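Below is one structure, written out as structure tokens; comments come after it.
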């Protein structure tokens, strides 16, 4: 999870949103919003948000 | 080998269906496919480096001071194998903390392992073969981790500065007789090449017979560290895992076949203005700021909905519509099935709901959209 710089919700439409993780490599990692037990990036995100000060920012 | 023994071995090979195609359970064992990149530097600073270069081969461990570069390397001294993985130590680590470790691994879905019979009364042995060399002589460890049942077996191998084919047969693991691999698309078995480990992983006894996993039994106490010197290199190719006790010749597959197998786990659409139009596809504007684009996969991917979409710098993409060209400010993506996905491109303004629009590259190239469904 050292690869994560920040995270932000991304609104698809009025009902659905996903999570965009910005990596330290400058790339955007777009993961589904929800319990994704099989998505390794989502798992890393769950560990990242446990660290004080790390939060997923609201969508624009 | 006596004639009788030879015949017995032939019979065993036939019984275990080791004659014929699709013997090798490993995908991309000849390291032909590197969709993501052919080189990655500064590795070793994260516990999970993901899949930096060659498809299906992951770098993992517990980070210490050591760092390395990983490349898909051209091979000139091993006929039949034009590519390999090369690890090049760039920062040494001679003060090994107890919790450190480093391994390359490839992972298998449980549904692809049912033929092993592992965890049942019908369990069969598993034979792993591979070609390896290094910058000098080292002792490293090959291991299998049964993720579903937390069972582990490992064996040392001694590399030199010349290519050798190593063959390790892991005896059948019946376990309790009622613990087969899960018959699904999740991670069930990991094939690991350990190159470095601290005392947490070396204080027990390494065994090539499966037993409940114990951290102390992971690595051999006499094994070496890849991080001992910046002169150290490690090379690996021709990785094969097959059911039965006999290592057969490496099963070479065509590049197209291997690529398609890899694309179940990683699909990359790379657009380059110097070699093409830089065109990702056509979609429809959902409102004044958003283009929605259908994105079919080349083969059905492992996950129906849980894949990760990886975008380069967002300003490397732009939307072309009747209103003109607009640089993107955000990108998103979601799989709607194993076969297709939706990509969302956001711009500041200027789109008209209902209009068609193209997603194309901006100034820089090449630019990727990657869909990652790896284990």
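Chains as they are written, first to last, in the numbering used here: chain R, 77 to 136; chain H, 18 to 392.
Yeah, the Cβ is synthetic: ideal placement off N, Cα and C, and Gly gets one too.
Keep in mind that this is a model prediction, so the values were computed, not measured.
| Asked | Found |
| --- | --- |
| Closer than 8 Å, Cβ to Cβ, to anything on chain R: give me those residues from the segment 321 to 333 of chain H, in chain order. | 322, 323, 324, 325, 326, 327, 328, 329, 330, 331 |
| Have a look at residue 316(H) and residue 356(H) and give me their C-alpha separation to the nearest angstrom. | 7 Å |
| Please name the residues in the segment 334 to 357 of chain H whose beta-carbon is closer than 7 Å to at least one beta-carbon of chain R, in chain order. | 347, 348, 349, 350, 351 |
| How do the segment 256 to 274 of chain H and the segment 333 to 347 of chain H stand: do at least 3 beta-carbon pairs fall below 8 Å, yes or no? | no |
| 8 Å is my cut-off, CB to CB: does residue 79(R) come that close to chain H? | yes |
| When the distance is taken between beta carbons, is residue 167(H) closer than 8 Å to residue 229(H)? | yes |
| For residue 391(H), return the contacting residues in chain R, with the cut-off set at a CB-CB distance below 8 Å. | 116 |
| Count the other C-beta atoms from every protein chain shown that fall within 10 angstroms of the C-beta of residue 86(R), then say buried if there are 16 or more, exposed otherwise. | buried |
| Got a sec, what are the start and stop residues for the alpha helix (DSSP H) residue 103(H) sits in? | Unbroken run through residue 103(H) is the beta strand (DSSP E), 100 to 108; no alpha helix (DSSP H). |
| DSSP state of residue 231(H), grouped into three classes? | coil |
| With a Cβ-Cβ cutoff of 8 Å, do residue 301(H) and residue 201(H) count as a contact? | no |
| Which residue from 77(H), 69(H), 70(H) puts its Cα closest to that of residue 63(H)? | 77(H) |
| Expressed to the nearest angstrom, what Euclidean distance is found between the alpha-carbon atoms of residue 100(R) and residue 90(R)? | 30 Å |
| For residue 141(H), which of helix, strand or coil comes out of DSSP? | coil |
| Taking 8 Å as the CB-CB cut-off, is residue 203(H) touching chain R? | yes |
| Would you kindly work out how many angstroms separate the C-alpha atoms of residue 98(H) and residue 118(R), rounded to a whole number? | 36 Å |
| Kindly give me the distance between the Cβ atoms of residue 73(H) and residue 123(H), rounded to whole angstroms, as I take these residues to be in contact under 8 Å. | 5 Å |
| Distance, Cα to Cα, residue 389(H) vs residue 19(H)? | 51 Å |
| Let me see if you follow: with CB-CB separation under 8 Å, is residue 198(H) close to chain R or not? | no |
| Check for me: the beta strand (DSSP E) holding residue 175(H) runs from which residue to which? | 168 to 176 |
| Can you check whether the C-beta of residue 174(H) is within less than 8 Å of a C-beta belonging to chain R? | no |
| Thinking just about the alpha-carbon of each residue, which of 96(R), 129(R), 121(R) is nearest to the one in residue 78(R)? | 121(R) |
| Can at least three beta-carbon pairs, one atom from the segment 272 to 283 of chain H and one from the segment 40 to 60 of chain H, be found at a separation below 8 Å? | yes |
| What residue does the beta strand (DSSP E) around residue 391(H) start on, and which one ends it? | Careful: residue 391(H) lies outside any beta strand (DSSP E) and carries neither H nor E. |
| Mind listing the chain R neighbours of residue 129(H)? Cutoff is C-beta to C-beta under 8 Å, in chain order. | Correct list: empty, because the minimum Cβ distance to chain R is about 15 Å. |
| Do the CB positions of residue 320(H) and residue 368(H) come within less than 8 Å of each other? | no |
| Note down the Cα distance separating residue 188(H) from residue 142(H), rounded to an integer number of angstroms. | 5 Å |
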